[in-house]
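In UniProt numbering, the protein residues as written are 1 to 271. In this text, a Cβ means the ideal position worked out from N, Cα and C, and glycines have one as well.
In structure tokens:
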């Protein structure tokens, strides 16, 4: 607190009148009695402050969700909806721990690359992480590689400054998820833009999660430019822990279950 030379703060006396607490002090050249809140009024004021804070936090989270660019079909991907089995329990525990300990993950700049065949739940797990962080007030951008390239094309049509602004937003987000890397159109322009994005994350020291149906060698071949340089994969290896999701595809298990149910019903009625 700033104290001016020669200034003495006024004395404050606590007094009670008609059962109410007042502070008596010399203010603006005269003694004044300033009413204090009753305990009930103080509780109401604190409740109101809590409600206001909750409302502002809710508004901020909704704003983050709006700017996350997550496709609507992924917004319901949540850990509460994770169908845990013996086969996928390890991946559930790992991704849940990653989300719950994200402050340390952020500090250490630890990313993930989830690779494996289609349908094993790579996208589901990554968007569970995204939605968990968004619900806890962290900025996340999560898009498929195709949507990401399309967005860059769109903003670049408005000039280089808009493209730079978009890249900067990607750079600032607490987490970036690129889903289905390798599924995008494999042009030299797309490769260069993907490298620009991955490099922006690298330079910002903020984590990146990638999902891909390609193995690491296939991904390297896919992202290597005509000059023979695999800059993107080199960056990814520096930033991300590689995790092979080597479980039976969920779609296959569901199809087998439906087939078994069908066979059971038909078998019972056929006999």
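Nearest-angstrom Cα distance between residue 135 and residue 210?
Reading the chain shown from its first residue, position 135 is the one you call residue 135. Reading the chain shown from its first residue, position 210 is the one you call residue 210. When rounded, the distance between both Cα atoms is 21 Å.
Please state whether DSSP places residue 28 in a helix, a strand or coil.
Residue mapping note: residue 28 aligns to position 28 of the chain shown, counting from 1. If DSSP states are grouped into helix, strand and coil, residue 28 belongs with coil.
Are the Cβ atoms of residue 106 and residue 145 separated by less than 8 Å?
The count along the chain shown starts at 1 and reaches residue 106 at position 106. The count along the chain shown starts at 1 and reaches residue 145 at position 145. It is not a contact, given that the beta carbons lie outside the stated cut-off.
Quick one: residues in its chain with C-beta nearer than 8 Å to the C-beta of residue 121, no 5 flanking neighbours on either side, listed in chain order?
Residue numbering aside, residue 121 sits at position 121 when the chain shown is read from its first letter. Hits under 8 Å: 88, 91, 245, 247, 250.
Counted within 10 angstroms of its Cβ, other Cβ atoms place residue 35 as buried (16 or more) or exposed:
Here residue 35 refers to the residue found at position 35 of the chain shown. Result: exposed.
Measure the beta-carbon distance from residue 140 to residue 194 and round it to whole angstroms, keeping in mind my assumption that it falls under 8 Å.
Against the chain shown, residue 140 aligns to sequence position 140. Against the chain shown, residue 194 aligns to sequence position 194. 19 Å between Cβ atoms; not a contact.
Are the CB atoms of residue 200 and residue 167 within a distance shorter than 8 Å?
Taking the first residue of the chain shown as position 1, residue 167 is located at position 167. Taking the first residue of the chain shown as position 1, residue 200 is located at position 200. Yes; because the gap between Cβ atoms is below 8 Å, this pair is in contact.
Just to confirm my understanding: we take residue 226, look at its own chain, exclude 5 residues before and 5 after, and list those with CB closer than 8 Å. What are they?
Taking the first residue of the chain shown as position 1, residue 226 is located at position 226. Cβ within range, chain order: 188.
Just verifying my parser: in three-state terms, what is the DSSP assignment at residue 254?
The residue you call residue 254 lines up with position 254 of the chain shown. Legend: pLDDT at residue 254 = 49, less than 50; position of this residue unreliable, no value from coordinates given.
Roughly how many whole angstroms lie between the Cα atoms of residue 170 and residue 197?
Counted from its first residue, the chain shown places residue 170 at position 170. Counted from its first residue, the chain shown places residue 197 at position 197. Spanning the two alpha carbons is a distance of roughly 7 Å.
Could you check how far apart the C-beta atoms of residue 133 and residue 241 are, in whole angstroms? I think they sit under 8 Å.
Within the chain shown, numbered from 1, the residue matching residue 133 stands at position 133. Within the chain shown, numbered from 1, the residue matching residue 241 stands at position 241. That pair is no contact at about 18 Å.
Close Cβ partners of residue 79 (< 7 Å) along its chain, the five nearest in sequence each way excluded
On the chain shown, position 79 is the one that residue 79 refers to. Once the five neighbours on either side are set aside, the close Cβ partners of residue 79 are 96, 128, 132.
Candidates 85, 137, 117, 118, of which the one nearest residue 99 by Cα:
Along the chain shown, read from residue 1 onward, the residue named residue 99 stands at position 99. Among 85, 137, 117, 118, the Cα nearest to that of residue 99 belongs to 137.
Buried or exposed: which applies to residue 233, given that a residue is buried once 16 or more other Cβ atoms fall within 10 Å of its Cβ?
One-based indexing of the chain shown puts residue 233 at position 233. Residue 233 should be labelled buried.
Can you list, in chain order, the residues of its chain whose CB lies under 7 Å from that of residue 220, leaving out five sequence neighbours each side?
By 1-based counting over the chain shown, the position of residue 220 is 220. Excluding residues within five positions, the ones whose Cβ falls inside 7 Å are 230, 233.
In terms of residue numbering, what span does the alpha helix (DSSP H) encompassing residue 242 cover?
Counting from one through the chain shown, the residue named residue 242 turns up at place 242. No alpha helix (DSSP H) holds residue 242; the beta strand (DSSP E) holding it covers 240-244.
Within 8 Å, strictly: CB atoms of residue 239 and residue 109:
Numbered from its first residue, the chain shown carries residue 239 at position 239. Numbered from its first residue, the chain shown carries residue 109 at position 109. Contact: yes.
Got a sec, what are the start and stop residues for the alpha helix (DSSP H) residue 89 sits in?
Position 89 of the chain shown, counted from the start, is the residue given in the question as residue 89. Unbroken alpha helix (DSSP H) run through residue 89: 89-100.
Give the secondary structure of residue 105 by DSSP, where H, G and I count as helix, E and B as strand, and everything else as coil.
The residue given as residue 105 occupies position 105 in the chain shown. The answer is helix: DSSP assigns residue 105 an H, G or I state.
Is the separation between the beta-carbon of residue 33 and that of residue 24 shorter than 8 Å?
Your numbering for residue 33 matches position 33 in the chain shown. Your numbering for residue 24 matches position 24 in the chain shown. Their beta carbons are under 8 Å apart, which means residue 33 touches residue 24 by this criterion.
Rounded to whole angstroms, what is the Cα-Cα separation between residue 13 and residue 53?
Taking the first residue of the chain shown as 1, we reach residue 13 at position 13. Taking the first residue of the chain shown as 1, we reach residue 53 at position 53. Using only the alpha carbons, I get a separation of about 33 Å.
Can you give me the C-alpha to C-alpha distance between residue 59 and residue 75, rounded to a whole angstrom?
The sequence position of residue 59 within the chain shown is 59, counting from 1. The sequence position of residue 75 within the chain shown is 75, counting from 1. Spanning the two alpha carbons is a distance of roughly 17 Å.
Look up residue 193 in the DSSP assignment and say whether it is helix, strand or coil.
Taking the chain shown and counting its residues from 1, one reaches residue 193 at position 193. Helix at residue 193.
Relative to the alpha-carbon of residue 185, which residue among 222, 116, 70 has its alpha-carbon at the smallest distance?
Stepping through the chain shown from its first residue, residue 185 is reached at position 185. Answer by Cα proximity: 222.
Measure the Cβ-Cβ separation of residue 147 and residue 177 and say whether it is below 8 Å.
Position 147 of the chain shown, counted from the first residue, corresponds to residue 147. Position 177 of the chain shown, counted from the first residue, corresponds to residue 177. Not in contact: residue 147 and residue 177 (Cβ atoms no closer than 8 Å).
Supposed close pair residue 69, residue 143 - CB separation, criterion 8 Å
For the purposes of this step, residue 69 is identified with residue 69 of the chain shown, where counting begins at 1. For the purposes of this step, residue 143 is identified with residue 143 of the chain shown, where counting begins at 1. So it is a contact: roughly 5 Å between Cβ atoms.
For residue 216 and residue 114, what's the separation of their Cα atoms in angstroms?
Indexing the chain shown from 1 puts residue 216 at position 216. Indexing the chain shown from 1 puts residue 114 at position 114. About 10 Å.
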